[in-house]
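Under my numbering, read the sequence shown as residues 5 to 73, first letter to last.
Working notes, beginning with the structure itself.
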Amino acid sequence: MRIIVIGAGKVGYQIAEALSREMFDVVVVEKNEDVINKVNENLDVLTMQSNGLVSSTLKQLEISRNDMV
């Protein structure tokens with residue numbers, strides 16, 4: 005199952021962490037470079053530095069091919 009998590013603040017980070025532990029394919033979209041670096045250092049997920057609320061980002065992620073956002 006492939007899941008996109010938009011935003012890696014307190015809640016988004018915990019969601020991504022839990023899903024990753026359960027062996028889901030997780031993509032975290034976050035615009036803050038420092039947060040992206042923290043995610044990359046600590047979680048086994050893919051990351052994308054971008055604004056997850058912009059339609060071009062969602063198109064690039066092929067949102068319809070994911071199981072959950």
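Just so you know, even glycine gets a beta-carbon here, dropped at the ideal spot from N, CA and C.
Option nearest residue i by Cα separation, candidates the options
i             : options                      : result
methionine 27 : Lys14, Val58, Met72 and Arg6 : Arg6
alanine 12    : Met72, Val73 and Ile40       : Ile40
Element boundaries [beta strand (DSSP E), containing residue i]
i          : result
arginine 6 : 6–10
Whole-Å CB distance - residue i paired with residue j, under 8 Å assumed
i          : j         : result
leucine 50 : serine 24 : Actually they are not in contact, since the Cβ atoms of leucine 50 and serine 24 sit about 10 Å apart, beyond 8 Å.
Burial state of residue i (16 or more Cβ within 10 Å)
i             : result
valine 33     : buried
isoleucine 10 : buried
leucine 57    : exposed
valine 30     : buried
query: Which parts of the region 20–58 are runs of the beta strand (DSSP E), unbroken and 3 residues or longer, counting only runs that do not cross its ends?
result: Runs found: 29–34 and 50–53.
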